[in-house]
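*Asks:* The structure follows.
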Amino acid sequence: MEKQESDNNQRLIIRGEVKFIDRGNIDKSGRNPKYQIQINLAPTSIEGRKLSSDSNSLLIFLIREKEILEQIDKLPIVGDNLIIESFSIEEHPRMLPIKKIKFQ
1 MEKQESDNNQ RLIIRGEVKF IDRGNIDKSG RNPKYQIQIN LAPTSIEGRK LSSDSNSLLI
61 FLIREKEILE QIDKLPIVGD NLIIESFSIE EHPRMLPIKK IKFQ
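First residue of the sequence shown: 1, per the UniProt record's numbering; consecutive thereafter.
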């Protein structure tokens, strides 16, 4: 029970607009391309754990391309509005993982 309470305290649901997106190959061998997607989001609302960040700052999210395409049928582009479920144990996270993602 303690673990579940701890997870709930770290859970975040962020709504916002995509301001920047980057796709980079993270395969070191060069034979099996695996892409990681970085999404910079301007949050319009944050539910859950309190993040102490400037209200004008972008939040940076990372997810593998394969994982994002399993949840939504296409990659987001600049201007899309998203709902992202994430988590953070830090008050000032530099980057956040994506647990769930969908278009708003």
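The beta-carbon is built from N, C-alpha and C at its ideal position, and this holds for glycine as well.
Just curious, the beta strand (DSSP E) that Ile89 is in, first and last residue?
*Replies:* Note, Ile89: premise wrong, no beta strand (DSSP E); not H, not E.
*Asks:* From Lys50 to Ile26, what distance separates their C-alpha atoms?
*Replies:* So the two alpha carbons sit approximately 31 Å from each other.
*Asks:* Please name the residue or residues paired with Pro93 in a DSSP beta bridge.
*Replies:* DSSP, once it has assigned bridges, lists no residue as partnering Pro93.
*Asks:* Are the beta-carbon atoms belonging to Leu41 and Ile84 less than 8 Å from one another?
*Replies:* The answer is yes: Cβ separation under 8 Å.
*Asks:* List the whole-angstrom C-beta distance separating Val78 from Ile37, where the pair is believed to meet the contact cut-off of C-beta under 8 Å.
*Replies:* Contact flag wrong, Cβ pair sits at about 13 Å.
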